[in-house]
Amino acid sequence: MKEKLVLHIRPMYYRLKYGIRLHNVLNEDIKKDYALYFNLTKKAVKLSMSSQDPDMPEDELAYLCVYLAGWINQSVSQIEQEEAADQLLLVIPGGNSMSSLIQLQLINLLKPLRFQYEIISLQDFTESMADAYPLVLYNGSYNGVKKNIIMISTHMNESQRNRILQWSARYSNMDNNDELTRLYDLVKHHCIVQDEDLLKAKLFSFLNDSRNRSQSQIPSLLQILHVSSISLFSKTMEIDRLLILATKEFIKNNTVKDLYVPNLMHLLSTMGAYGEITQGVLLLHAENVQYCNHLGVHICNLKEALYLKNNPDAIHTILLLSTPDKTSHLRILKDLSQLFREHSFVKKLEEFEFAEEQDMYDEICMILKKES
1 MKEKLVLHIR
11 PMYYRLKYGI
21 RLHNVLNEDI
31 KKDYALYFNL
41 TKKAVKLSMS
51 SQDPDMPEDE
61 LAYLCVYLAG
71 WINQSVSQIE
81 QEEAADQLLL
91 VIPGGNSMSS
101 LIQLQLINLL
111 KPLRFQYEII
121 SLQDFTESMA
131 DAYPLVLYNG
141 SYNGVKKNII
151 MISTHMNESQ
161 RNRILQWSAR
171 YSNMDNNDEL
181 TRLYDLVKHH
191 CIVQDEDLLK
201 AKLFSFLNDS
211 RNRSQSQIPS
221 LLQILHVSSI
231 SLFSKTMEID
241 RLLILATKEF
251 IKNNTVKDLY
261 VPNLMHLLST
271 MGAYGEITQG
281 VLLLHAENVQ
291 YCNHLGVHIC
301 NLKEALYLKN
311 NPDAIHTILL
321 LSTPDKTSHL
331 RILKDLSQLF
341 REHSFVKKLE
351 EFEFAEEQDM
361 YDEICMILKK
371 ES
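Just so we're aligned: 242 in UniProt numbering is position 242 of the sequence shown, and the numbers increase by one with no gaps anywhere.
Here it is as C-alpha cells:
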C-alpha cells in the first residue's frame, strides 16, 4: 500500500505544482460512500500544508481517501491473521487508486472469505491467463467465453456484486452447514425464492460476518458501545465543560488518564476542529496513545451547536475516542464510516431528534447490524 501511495503522490505533486486539474469521475461516489475517510484525509492534508499553499482539489483528495480506506481494511485483515489461500486476478486499465477502491469493495463483499489479489493492466492481460486463477475480475469490456471472468465497473453495481457472491458459494461449504440449511429452509418456507444460489451465498456471508464480529481480535463499535457511552446535552455548553462531563464515564472506568482532557483542549486550541469527519460531526482523540489506558468511545449530541477555532461549521455531535495503541480502533473507524453514511441518522443528530440515549443506541445498533 505504501509503495502504491508513493507512485501516486509523485505525479500528483507535479499536477499540483503546474496547476493541472485531474477529473475524478468517482469523486461524488467516494465522498458519499467513504465520507469519514474522505473528511479525515481532507483534514490531514490541510494540517500538513502551510497557510500559503493552495487548497488541494477534491478530485485529488478522493484518490488519497481510497488509499486510507484500503490501508485500514488491509490492516484489520493482517492483524486478525486471516490467511488467504487462493489468489484472484484483478485486471484494470491503470491507476493504483482505482485498484485499491475495487479491492476495498471486494474485501467488504466477500467477507469472511479472504483472497489475495494480483493486479495486472488491461494491456498485459491475455485470456489464457484466466486458466491459472479461480476468478478474474475484469475492469473493462470483455466479449470472450471464459466463465471465470466477470466484468466489473470501478464502482460495482448490484448485478456485478451478486455475480461475485454466486461465484463465492463454492468456498462456503454450504451443503454441510446445518445453521445455514435451517435458515435457508425457514426463508424458503415463507418466501418465494427467485435465485437459490444467490440467497444461499448472502445467508452464508451474513452468518459468518456476524460470527466473526463477535470473535474478532479487533473490537467493533458495537462491542464497546453502551447506553452509558452516549450523552445528550439540551443546554448551551462550552467545549471545556462538555469534555469534562463527557469523560466522566472514561475516568470512572479508568479508560483514560487524567491528562486526556487537557490534551484534547490543547489540540483544539492549537489546531481547531482537527477531527471533523463530516459536516457538524467532530471525532476527538489524544495525540498520543500514552494518554489512554483502554479502548473506549463516547458520543455527545448537542441541541445548541458549538463553534470552534478556525472552523466555520456548527458542531452538533462530538465523538471521543480512547486509543491505547495504534491498531485496536481500526474496526471502530470502519464502523463509524458505515454509521455516518446513513444520512437519516446524521440528520437526526443535527436536529437533536433523539429523546433518550437508549433511542440513539438502538438506532446505532440497527444500522451497524445491517447486512453489508
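C-beta: ideal position from N, C-alpha, C; glycine also.
A quick note: this is a predicted structure, and the numbers were derived from the prediction, not measured.
Practice problem: Name, in chain order, the residues that DSSP records as bridge partners for Ile119. | Solution: Answer is Leu90.
Quiz prompt | Cα-Cα separation between Val45 and Val25, rounded to whole angstroms | solution = In a straight line, the C-alpha of Val45 is about 21 Å away from that of Val25.
Quiz item: Which ranges does the beta strand (DSSP E) cover as unbroken runs of at least 3 residues, wholly within the stretch 296-366, from first to last along the chain?
Solution: Listed in chain order, they are 296-306 and 315-322.
Quiz item: Looking at C-beta atoms only, is the number of pairs between the stretch 11-21 and the stretch 240-249 that lie closer than 8 Å three or more?
Solution: No, the stretch 11-21 does not touch the stretch 240-249.
Quiz item: For Glu287, which three-state DSSP category applies?
Solution: In this structure, Glu287 counts as coil in the three-state DSSP scheme.
Quiz item: In its own chain, which residues sit with a C-beta less than 8 Å from the C-beta of Ile150, not counting the 5 before and 5 after it?
Solution: Within the same chain, Ile150 has close Cβ partners Leu135, Val136, Leu137, Tyr138, Gln160, Arg163, Ile164 and Trp167.
Exercise. Could you pull the start and end residues of the alpha helix (DSSP H) that Val45 belongs to?
Key: Unbroken alpha helix (DSSP H) run through Val45: Ala35 to Ser48.
Quiz item: Do you know offhand how far Glu158's Cα is from Phe125's?
Solution: A straight line joining the alpha-carbon of Glu158 with that of Phe125 spans about 26 Å.
Practice problem: Would you tell me roughly how many angstroms separate the C-alpha atoms of Val227 and Ser322, rounded to the nearest one? | Solution: Roughly 17 Å between the two C-alpha positions.
Exercise. For Val297, count neighbouring Cβ atoms within 10 angstroms of its own Cβ and tell me buried if that reaches 16, exposed if not.
Key: Its Cβ being crowded by 16 or more others within 10 Å, Val297 is buried.
Practice problem: Compute the distance between the beta-carbons of residue 391 and Ser220, then report whether it is under 7 Å. | Solution: A query on residue 391 cannot be resolved here, the shown segment of the chain reaching from 1 to 372 and no further.
Quiz item: From Met56, Tyr63 and Tyr18, pick the residue whose C-alpha is nearest to that of Tyr37; which is it?
Solution: Checked all of Met56, Tyr63 and Tyr18; the closest Cα to Tyr37 is Tyr63.
Quiz prompt | Residue from Tyr34, Leu61, Thr278 and Lys43 whose Cα sits closest to the Cα of Arg21 | solution = When each option's Cα is compared against that of Arg21, the closest is Leu61.
Self-check item: Contacting residues, own chain, Cβ-Cβ under 6 Å from Phe352 (five flanking each side not counted)
Solution: Closer than 6 Å at Cβ, skipping near neighbours: Lys303.
Self-check item: Ile119 beta carbon less than 7 Å from that of Leu88
Solution: No.
Self-check item: Residue from His155, Ala130, Ser153 and Ile152 whose Cα sits closest to the Cα of Val145
Solution: Closest in C-alpha terms to Val145, from the list His155, Ala130, Ser153 and Ile152, comes Ala130.
Quiz item: Nearest CA to the CA of His23: which residue from Pro57, Leu40 and Asp53?
Solution: Minimum Cα distance to His23 is reached at Pro57.
Quiz item: Going straight from the alpha carbon of Asn293 to that of Phe250, what length do you get?
Solution: A direct Cα-to-Cα measurement between Asn293 and Phe250 gives close to 10 Å.
Quiz item: What span of residues does the beta strand (DSSP E) with Leu278 cover, start to end?
Solution: Reading off the sequence shown, one finds Thr at residue 278, where the question assumed Leu. That run of the beta strand (DSSP E) goes Glu276 to Thr278.
Self-check item: residue 375, enclosing beta strand (DSSP E) - first and last residue
Solution: Nothing can be reported for residue 375: it is not among the residues displayed for the chain, which extend from 1 to 372.
Quiz item: Based on the DSSP output, what are the partners of Leu282 in its beta bridges?
Solution: Beta-bridge pairing links Leu282 to Glu276 and Ile318.
Quiz item: Can you tell me whether Val66 is buried or exposed, with buried defined as 16 or more other CB within 10 angstroms of its CB?
Solution: Buried.
Practice problem: For Cys300, collect the residues of the same chain with a Cβ closer than 6 Å to its Cβ; drop the 5 residues on either side in sequence, then sort them by chain order. | Solution: Around Cys300: Ser231, Ala246 and Ile318.
Quiz item: Under three-state DSSP, which class holds Leu137?
Solution: Under the three-state reduction of DSSP output, Leu137 falls in the strand class.
Self-check item: Ser141 to Leu47 span [Cα, whole Å]
Solution: When rounded, the distance between both Cα atoms is 41 Å.
Quiz item: What's the C-alpha gap between Gln315 and Asp195?
Solution: In the sequence on display, residue 315 carries Ile and not Gln. For Ile315 and Asp195, the distance between alpha carbons rounds to 46 Å.
Quiz item: When burial is assigned at 16 or more other CB atoms within 10 Å of the CB, is Thr41 buried or exposed?
Solution: Burial of Thr41 is indicated by the presence of at least 16 other C-beta atoms within 10 angstroms of its C-beta.
Quiz item: Is the distance from the Cβ of Asp325 to the Cβ of Val289 below 7 Å?
Solution: A Cβ-Cβ contact shorter than 7 Å links Asp325 with Val289.
Quiz item: Do you know offhand how far Ala286's Cα is from Asp59's?
Solution: Between Ala286 and Asp59, the C-alpha separation is close to 30 Å.
Quiz prompt | Cα-Cα separation, Leu320 to Asp55 | solution = If I take the Cα positions, the gap works out to 28 Å.
Self-check item: Cut-off 7 Å between Cβ atoms - residues of its own chain near Tyr291, not counting five sequence neighbours on either side
Solution: Excluding positions up to five away in sequence, the list reads Val256, Lys257, Leu259, Tyr260 and Asn263.
Quiz item: Under 7 Å, do Ile224 and Leu284 count as touching if we go by C-beta distance?
Solution: In terms of Cβ geometry, Ile224 and Leu284 do not form a close pair [threshold 7 Å].
Quiz item: If we ignore side chains and look at the alpha-carbon of each, how far apart do Ser214 and Thr181 end up?
Solution: Because Ser214 sits at a pLDDT of 46, beneath the cut-off of 50, its placement in the model cannot be relied upon, and the point is left open.
Practice problem: Taking Asn27 and Thr278 to be in contact with their CB atoms under 8 Å, please state how far apart those CB atoms are, rounded to whole angstroms. | Solution: That pair is no contact at about 16 Å.
Quiz item: In or out: Tyr307 buried (at least 16 other Cβ within 10 Å) or exposed?
Solution: Residue burial annotation: Tyr307 is exposed, with fewer than 16 other C-beta atoms found within 10 angstroms of its C-beta.
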